[in-house]
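Colleague: Can you read through this structure? Questions will come right after.
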Amino acid sequence: MSKSAASQFALVLVALVGCDSPLQSALQEIGGAKMSDEEQIAVVLDDVRRGAESRRIYKVLAHLSPGYLDAQMRDYQAARDELQRLFSSYREIRITRVRPRIIVQGTRARAIETFGIVAEPVNQEVGLPVSINGQAEVHFEKTNDVWQIIGWKSTR
């Protein structure tokens, strides 16, 4: 895998990684107190990380808006296809993250994610291990009280 492909891999995982019932309920109220928009977005981002590490494609896709479109012009279906390819090519994925900077403006928000990804290929004769660090800006939209990812772009 080339360095640019490895970078693409990392950014796709970070940006694409709701659970329908338990997470949405948790987002609405935890311990009787309503979570702030920033807290809700942080929970979504962490759930995406867990979904990517466990290679559970639908756990990741549940957080994508049907109108998703990223900086590479991938829509929801293309993102799904890319995740399927990545999850079938890598058996172990570990993601470390710094607490994201989240900026909310009404029903739109963006989160600056700084991360590291280490991934081991299923077949080392065909794929190379990945170990990279990066930063991405993840864009959100709130619809029906649920924050969903509508796109992302690499910031470095």
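In numbering that gives the first Met the number 0, the protein residues as written are 0 to 155.
Glycine is no exception: its CB is placed at the ideal position from the N, C-alpha and C atoms.
1. The alpha helix (DSSP H) spanning R98 covers which residue range?
2. Suppose you measure from the CA of K152 to the CA of E124; what does that come to, to the nearest Å?
3. Take R107 as the anchor and find which of T142, V59, D69 and T113 has the nearest alpha-carbon.
4. Determine, using beta-carbon pairs with one atom in the segment 100–115 and one in the segment 69–88, whether at least three such pairs fall under 8 Å.
5. Three or more C-beta pairs under 8 Å: does that hold for the segment 56–75 against the segment 90–99?
6. Going by Cα to Cα distance, which pick from P128, R73, R109 and E140 is closest to I116?
7. Have a look at T113 and G66 and give me their C-alpha separation to the nearest angstrom.
8. What residue range does the beta strand (DSSP E) around Q157 cover?
9. Look at the Cβ atom of V134, then the Cβ atom of I111, and state whether they are nearer than 8 Å.
10. With a Cβ-Cβ cutoff of 8 Å, do R109 and V137 count as a contact?
11. Any idea what DSSP makes of K58, helix, strand or coil?
12. Take R100 as the anchor and find which of M34, D46 and I40 has the nearest alpha-carbon.
13. Given S130, which residues of its chain have a CB within under 6 Å of its CB, disregarding the five upstream and five downstream residues?
14. The beta strand (DSSP E) that contains E109, what's its start and end?
Modeller: A quick look at the data gives this:
1. Careful: R98 lies outside any alpha helix (DSSP H) and carries neither H nor E.
2. 31 Å
3. By alpha-carbon distance to R107, the top candidate from T142, V59, D69 and T113 is T142.
4. no
5. no
6. P128
7. 25 Å
8. Outside the shown range of the chain (0 to 155) lies residue 157, about which nothing can therefore be said.
9. Checking the sequence shown, residue 134 turns out to be Gln, not Val. Yes, they are a contact pair.
10. yes
11. helix
12. I40
13. V117
14. Looking at the sequence provided, one finds Arg at residue 109 rather than Glu. Run containing R109: R107 to P120, per the beta strand (DSSP E) assignment.
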